[in-house]
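Undergrad: FYI, the numbering for the sequence shown is 114 to 259, going by my numbering. To start, I am sharing the structure in question, which I have written as structure tokens.
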Amino acid sequence: MITPAVIHPGLTVPIGFVALIALLWYCQRVWRTPMSAGRRRVRFGSITCLIMADITLVAVLSFVSHQTHPFLWASLWLGILALMVLVILLAFLDALKNWTWYEEEKLRVWDEMMHATRKDLRERSNLSCPDVSGNEETNSTPESAS
114 MITPAVIHPG
124 LTVPIGFVAL
134 IALLWYCQRV
144 WRTPMSAGRR
154 RVRFGSITCL
164 IMADITLVAV
174 LSFVSHQTHP
184 FLWASLWLGI
194 LALMVLVILL
204 AFLDALKNWT
214 WYEEEKLRVW
224 DEMMHATRKD
234 LRERSNLSCP
244 DVSGNEETNS
254 TPESAS
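Right, here's the structure in full:
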């Protein structure tokens with residue numbers, strides 16, 4: 114039974130439905146994006162908490178009155194607050210995972226650059242070395258033998 118509530122359901126239900134569609138669209142994008150399984154689980158957990166908070170928020174704003182059901186109303190608001198705190202914690206965890214991935218990738222690129230630099234220096238040192246007398250020594254290659 115609908116009781117007098119804060120906001121009319123004609124306003125909150127469509128807004129909640131649009132938010133739900135947006136969350137499901139984001140869920141589909143997360144599913145299709147290549148990322149590690151840990152980061153995907155964190156993001157799916159965050160999306161799940163947001164979906165539950167969306168449905169609960171529509172219920173508490175439109176269908177549960179603090180005058181007729183004060184305990185249920187307070188419990189739902191505490192549930193929404195707990196879900197939002199969980200979403201924030203999951204966002205921090207996602208940022209931490211993203212930062213560690215970035216640092217690992219930076220080290221991998223640095224190692225590749227250092228390997229390429231060492232290889233280039235070895236190749237240059239094998240090409241030609243000037244002699245003390247000023248004459249260049251060349252490596253024995255088929256082109257220099259003729």
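Glycine included, C-beta positions come from ideal geometry on N, C-alpha and C.
(1) To the nearest angstrom, how far is the alpha carbon of A150 from that of W144?
(2) Rounding to the nearest angstrom, what Cα-Cα distance links L189 and V222 in this structure?
(3) Name the two residues that bound the continuous alpha helix (DSSP H) containing P122.
(4) Go through its chain and collect everything with a Cβ distance to K210's Cβ below 8 Å, but skip five positions before and after it.
(5) Return helix, strand or coil for S149, following the three-state DSSP convention.
(6) Tell me whether the beta-carbon of T125 lies closer than 7 Å to the beta-carbon of V171.
(7) Rounded to whole angstroms, how far is the Cβ of I134 from the Cβ of T169, which I believe are closer than 8 Å?
(8) Can you round the beta-carbon distance between I160 and L199 to whole angstroms, since I take them to be within the 8 Å contact cut?
TA: According to the structure shown:
(1) 10 Å
(2) 49 Å
(3) 122 to 145
(4) S149, G151, R152, V155
(5) coil
(6) yes
(7) No, I134 and T169 are not in contact; Cβ-Cβ is about 17 Å, not under 8 Å.
(8) That pair is no contact at about 12 Å.
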